[in-house]
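Shown next, in structure tokens, is the structure this report addresses.
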Amino acid sequence: MAPSYVMNFDTRQLPQDEYEYVVIGSGIAGLYTAYAASRSGARVVLLTKHAADDSNTDKAQGGIAAALSTSDSPELHLEDTLSAGAGLCDREAVSILVNEGPDRVRDLIEMGANFDRKDGKFALTREGAHSRRRILHASGDATGAEIQRALTERVRGDGNIRVLENHLAVDLLVKENVCHGVLAMNCRNNDLKVFWGKAVILATGGLGQLYEHSTNPDVATGDGIAIAYRAGAEVMDMEFIQFHPTVLYLPGAPRFLISEAVRGEGAYLRNRYGDRFMPRYHPLAELAPRDIVVRAILSEMDTTASQRVFLDLSHLPVDLINERFPTIMKTCASYGLDITSEPIPVAPFAHYMMGGVKTNLNGETSINGLYACGETACLGVHGANRLASNSLLDGLVFGGRIVEWVKKRNIDFRDNKCYFINEQLLPQSSESEIDYTTVRKDIKVLMSQYAGPVRTAQGLLKALGTLEGMGYINRYNAVSPFEIEVKNMLEVGHLVAEAALMRTESRGGHYRMDFPQPVERWLKHVIIRR
Numbered sequence: 000m001a002p003s004y005v006m007n008f009d010t011r012q013l014p015q016d017e018y019e020y021v022v023i024g025s026g027i028a029g030l031y032t033a034y035a036a037s038r039s040g041a042r043v044v045l046l047t048k049h050a051a052d053d054s055n056t057d058k059a060q061g062g063i064a065a066a067l068s069t070s071d072s073p074e075l076h077l078e079d080t081l082s083a084g085a086g087l088c089d090r091e092a093v094s095i096l097v098n099e100g101p102d103r104v105r106d107l108i109e110m111g112a113n114f115d116r117k118d119g120k121f122a123l124t125r126e127g128a129h130s131r132r133r134i135l136h137a138s139g140d141a142t143g144a145e146i147q148r149a150l151t152e153r154v155r156g157d158g159n160i161r162v163l164e165n166h167l168a169v170d171l172l173v174k175e176n177v178c179h180g181v182l183a184m185n186c187r188n189n190d191l192k193v194f195w196g197k198a199v200i201l202a203t204g205g206l207g208q209l210y211e212h213s214t215n216p217d218v219a220t221g222d223g224i225a226i227a228y229r230a231g232a233e234v235m236d237m238e239f240i241q242f243h244p245t246v247l248y249l250p251g252a253p254r255f256l257i258s259e260a261v262r263g264e265g266a267y268l269r270n271r272y273g274d275r276f277m278p279r280y281h282p283l284a285e286l287a288p289r290d291i292v293v294r295a296i297l298s299e300m301d302t303t304a305s306q307r308v309f310l311d312l313s314h315l316p317v318d319l320i321n322e323r324f325p326t327i328m329k330t331c332a333s334y335g336l337d338i339t340s341e342p343i344p345v346a347p348f349a350h351y352m353m354g355g356v357k358t359n360l361n362g363e364t365s366i367n368g369l370y371a372c373g374e375t376a377c378l379g380v381h382g383a384n385r386l387a388s389n390s391l392l393d394g395l396v397f398g399g400r401i402v403e404w405v406k407k408r409n410i411d412f413r414d415n416k417c418y419f420i421n422e423q424l425l426p427q428s429s430e431s432e433i434d435y436t437t438v439r440k441d442i443k444v445l446m447s448q449y450a451g452p453v454r455t456a457q458g459l460l461k462a463l464g465t466l467e468g469m470g471y472i473n474r475y476n477a478v479s480p481f482e483i484e485v486k487n488m489l490e491v492g493h494l495v496a497e498a499a500l501m502r503t504e505s506r507g508g509h510y511r512m513d514f515p516q517p518v519e520r521w522l523k524h525v526i527i528r529r
């Protein structure tokens, strides 16, 4: 078994600070949770390992889903979410999401988030697997950036909230199944500090950097899931990773997300021969759930011997493209591509983690005093396949619920005599020096090859064997943020492959070539704990 910590330390010898809430992560889930806690008068510290706006939230294009129009309802939103989730959604969790979601969106608007309007009403759009136009967007296709701006400005201006950028959460400080705080590292000088709190909240986002190509920023290395698992928390549904169907695939260009909303507005997917293929795979064609679109694209790429397919907007009005997709249009134009007349070359790449740290409806994990929300958490709201634009809503709704629950309980687990020591890890020397850059690269290649959108038992066993061989790095003391990230990637990579091997069926974001059909007895969750 891997050690409970990634480095040696003694909390008695470290600077310390104490807050009511210690929030880890600065995407929509972390920012809104910190804001909600501050409104109750609590002292809050928010730790984020890079800049406050370096998150998946900031990169989100399509929008945020909420039943706000007269032609829509939470009930319809619920049914769409359950349908996309391929049988594994927790109905109560989804009901909370769709019913509390509209009020949380109104909170964003009150904070100054400016969503696009037309004739005085929200300019709602539709995305894959939604039965109604219910997606709010901002500046066409820069919704996440607008939400991030509004929340960051509100949090930075709040006297009850201390924002510490460049602070990496190293490990949780847990004794007798109670989380007392977190050990953190200042990424600028590698100094350590202890943050005690009655509520420690993980909102660290996903793990897209496990793969060679991802829509996620560099910070998405699965840190929250890794530190929670090391501390003894349960994790759930780690096999379910969503690969976004349409990511820009141009030589020399970064892997840039082409929003779901492009297909929502009527774009077609075509193979290398110009054939529109999605109607052959699903009645909703381009608006089918993401997992179905991904497998259709992979099938077309295989049968046409191509590494990409094409997203065609040429039949759409130029004014609509200019208004709705200015960021996508500008980015593609910088690589010589005019999307109003030329198809966009795309392919599926890693995008979102449906699994994560297991929580209940109030964000509680299996460790007292430890909570999780957003992409780091898993309570079954997304099932086996997340409905487009539900992720931002998830962070708002369940982050806010954590604060309400902590306020009601009014319990402080903090023991002022508590301290933590780890001296078990070996020092690195010239003889044992580890090439962490190579290890990181090898993990990404391995996960892409064997634990990507198509999996087999043979491949997963090979991945697990290789990852276990890399486990020697856990015997050594980590001394930098980069080394800690690599250890976290190794931890969560193993969890993904292990869960994927256990689930002998195909469902949602998990596809086994050797078990290509869903199986009723697998209408259950894979839960893993140390």
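For the sequence shown, numbering that gives the first Met the number 0 assigns the number 0 to the initial residue and increments by one for each residue that follows.
Don't be surprised by glycine CBs; every beta carbon is placed ideally from N, CA and C.
Here the structure is a predicted model, which is why all the values come from computation and not from measurement.
Chain-order list of residues whose beta-carbon lies under 8 angstroms from that of P426 (same chain, five-residue window excluded)
Y475, N476
Supposed close pair A85, G382 - CB separation, criterion 8 angstroms:
6 angstroms
By the three-class DSSP mapping on this structure, what secondary structure does L319 have?
helix
Which residues in the same chain have their Cβ closer than 6 angstroms to the Cβ of R125, if we skip the five residues on either side of it in sequence?
R132, G263
Among R529, T10, G508, which one has its Cα closest to the Cα of V292?
G508
Whole-number beta carbon distance between T339 and I366, since they are thought to touch under 8 angstroms:
About 52 angstroms; that fails the 8 angstroms criterion.
Of the residues G111, A128, G156, R153, which one's Cα is nearest the Cα of A137?
G111
Touching or not, the stretch 351-361 and the stretch 221-240, by the rule of three or more beta carbon pairs under 8 angstroms?
yes
Is there contact between the stretch 149-158 and the stretch 270-279, where contact requires at least three CB pairs shorter than 8 angstroms?
no
Just tell me which of A141, A202, I200, R511 has its CA closest to the CA of A260.
A141
What does a CB cutoff of less than 7 angstroms around A92 pick up in its chain, not counting 5 residues either side in sequence?
L360, L378, G379, V380
Where in the stretch 222-277 do unbroken runs of the alpha helix (DSSP H), each at least 4 residues long, occur, reported from the N-terminal end onward?
222-229, 259-263
Tell me, please, which residues DSSP counts as bridged to Q15.
V193
Best match in S479, L182, T503, M446 for proximity to Q12 [C-alpha to C-alpha]
L182
Which of helix, strand or coil does DSSP assign to Y280?
coil
Quickly, what does DSSP pair D9 with across the bridge? List them, please.
I420
Would you tell me roughly how many angstroms separate the C-alpha atoms of F121 and K443, rounded to the nearest one?
41 angstroms
Just grab the DSSP bridge partners of K486 for me.
BP columns for K486 are empty, so no partner.
Anyone know if the C-beta pair for M488 and T220 falls short of 7 angstroms?
yes
Can you give me the C-alpha to C-alpha distance between T465 and E211, rounded to a whole angstrom?
17 angstroms
Would T446 be called buried (16 or more neighbouring beta carbons within 10 Å of its own) or exposed?
Looking at the sequence provided, one finds Met at residue 446 rather than Thr. By the neighbour-count rule (16 or more Cβ atoms within 10 Å), M446 is buried.
Using a Cβ cut-off of 7 angstroms (strictly closer), state whether D393 contacts chain D.
Structure shown: chain D not included; a single protein chain is present.
So what's Y31 in DSSP terms, helix, strand or just coil?
helix
Between the beta-carbon of G61 and the beta-carbon of S213, is there less than 7 angstroms?
no
Among the residues of its own chain, which have a CB less than 6 angstroms from the CB of E484, if the five just before and after it don't count?
T220
Residue from A225, V317, V22 with nearest C-alpha to D337:
V317
Looking at the ligand FMN, does it come within less than 6 angstroms of N176, judged from the CB to the closest heavy atom?
Of the ligands one can find in the structure shown there are none, so the ligand FMN has no counterpart to examine.
With V193 and Q306 assumed to form a contact (beta carbons below 8 angstroms), what rounded beta-carbon distance in angstroms separates them?
Actually they do not touch by this definition, with Cβ atoms about 48 angstroms apart.
Figure out for me which residue from H314, I200, Y280, P282 has the closest Cα to the Cα of Y370.
I200
A496 and L459 closer than 7 angstroms at C-beta
yes
Going residue by residue through the stretch 356-410, where are the continuous alpha helix (DSSP H) segments of at least 4 residues, counting only ones entirely within it?
390-408
Look up V21 in the DSSP assignment and give the residues it is bridged to.
V44, V199
Name the residue from E99, A64, L87 whose alpha carbon lies nearest to the alpha carbon of A128.
A64
Taking the C-alpha atoms as reference points, what is the distance between V44 and M184?
14 angstroms
Tell me whether I296 sits in a helix, a strand or coil according to DSSP, three-state version.
helix
Three-state secondary structure assigned by DSSP to G180
strand
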